[in-house]
Amino acid sequence: MTSGNKTAIITGGLSGMGLATARRLATDGTTVVVGARSASDRNRVRDVLGTDANRIHASVLDVRSRASVDAFVAGVAEAHGSVDILVNAAGVYDEAPVINHSERIWEDHIDTNLSGTFRMIRAAMPHMKHVGWGRIINIASVAAHNGMVNNAAYCASKAGLLGLGRCVSLEGAPHGITCVSISPTWVETEMLKRFINADMQSTGQSLEQVRAEYAKSNPQNQLVQPSEVAELAAFLASDAARALTMEDFQINAGSLW
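For the sequence shown, our numbering begins at 472 and goes up steadily by one.
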């Protein structure tokens with residue numbers, strides 16, 4: 472049921488859900504290559520990966536650039552012989568109201584969250600087709616299903632992943648390639664921790680108080696952990712998930728947001 476003896480690419484793999492998924496797949500014996508713009512800082516890479524540095528490789532990747540994407544994927548295939556698993560976890564988040572919405576925020580969300588995922592899939596799919604096996608997992612969001620004030624760019628970019636995934640799953644099906652997405656609610660990542668710190672400064676509340684407010688956004692009253700997303704991703708990347716394609720799996724703790 473594991474993804475051992477496979478090669479996985481994980482975008483945004485030096486933080487949050489991407490990093491958790493990289494660590495999880497590596498425990499199955501998967502060769503893992505993470506890509507991130509921050510991978511140019513080798514000291515940061517070493518600090519982030521720690522003892523996993525001997526089983527997780529990291530290289531610079533900018534999903535906004537076709538040249539960067541194509542070179543990255545080709546390099547992985549050349550170095551490791553295949554590209555079997557692709558987890559698209561790179562993403563950005565910023566808020567703005569629709570009226571007077573910034574062009575920069577809109578374009579950055581679409582170019583990174585949606586077009587970046589498309590570029591990675593376009594580059595990786597031929598390698599999967601060649602061997603007749605592939606797993607593509609896109610990290611979407613409950614925002615792909617539900618709107619939120621001041622989040623037009625983010626919601627649109629994540630909703631676009633669902634449409635993209637349906638088309639990819641149809642084209643990949645005859646070649647043993649599946650394509651699914653995972654849509655979490657609030658996950659306790661570095662990004663959420665930045666929001667919590669900002670709320671602490673603006674409200675004067677304690678860490679425990681602000682964290683509890685976010686936790687109350689779902690009926691379980693607990694924040695989802697990156698490791699929980701990683702466990703689902705590991706299953707979806709396995710042989711056992713052969714028939715799971717063209718589907719979005721919400722990790723929402725019972726929340727509509």
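Even glycine gets a Cβ: it sits at the ideal position worked out from N, Cα and C.
Exposure of residue i, with buried meaning 16 or more beta-carbon neighbours within 10 Å
i	result
residue 527	buried
residue 619	exposed
residue 601	exposed
residue 641	exposed
residue 570	exposed
residue 652	buried
residue 727	exposed
residue 649	buried
residue 697	buried
residue 622	buried
residue 476	exposed
residue 525	exposed
Under the three-state DSSP convention, the category residue i falls into
i	result
residue 490	helix
residue 672	helix
residue 472	For residue 472, the predicted model reports a pLDDT of 46, less than 50, meaning its position is unreliable; a value from the coordinates is still stated below. Correct three-state label for residue 472: coil.
residue 559	strand
residue 695	strand
residue 527	strand
residue 482	strand
residue 729	Not covered by the structure: residue 729. The range shown for the chain is 472 to 728.
residue 714	coil
residue 622	strand
residue 567	strand
residue 629	helix
residue 572	coil
residue 703	helix
residue 725	coil
residue 552	coil
Residues of its chain near residue i, where Cβ-Cβ distance is below 8 Å and the 5 sequence neighbours each way are ignored
i	result
residue 595	480, 544, 554, 557, 605 and 607
residue 681	667, 670, 671 and 674
residue 546	530
residue 725	689, 690 and 691
Whole-number beta carbon distance between residue j and residue i, since they are thought to touch under 8 Å
i	j	result
residue 610	residue 488	6 Å
residue 721	residue 628	Rounded, the Cβ-Cβ distance is 17 Å, inconsistent with contact.
residue 561	residue 482	4 Å
Limits of the unbroken beta strand (DSSP E) element including residue i
i	result
residue 504	502-507
residue 588	Unbroken run through residue 588 is the alpha helix (DSSP H), 587-602; no beta strand (DSSP E).
residue 605	605-610
residue 653	648-655
Continuous alpha helix (DSSP H) stretch holding residue i: start and end
i	result
residue 721	Residue 721 -> not in any alpha helix (DSSP H); beta strand (DSSP E) instead, spanning 718-722.
residue 513	513-520
residue 682	678-686
Contacts around residue i, its chain only, beta-carbon distance under 7 Å, and the 5 residues preceding and following it disregarded
i	result
residue 657	663, 685, 688, 694 and 695
residue 661	486 and 487
Cβ shell of residue i (< 6 Å), same chain only, five flanking positions each side left out
i	result
residue 502	478 and 551
residue 572	none
residue 723	613 and 656
residue 579	563
residue 513	none
residue 624	576, 577 and 580
residue 472	In this predicted model, residue 472 has a pLDDT of only 46, less than 50, meaning its place in the structure is not dependable; the value taken from the coordinates is given anyway. Once the five neighbours on either side are set aside, the close Cβ partners of residue 472 are 709 and 711.
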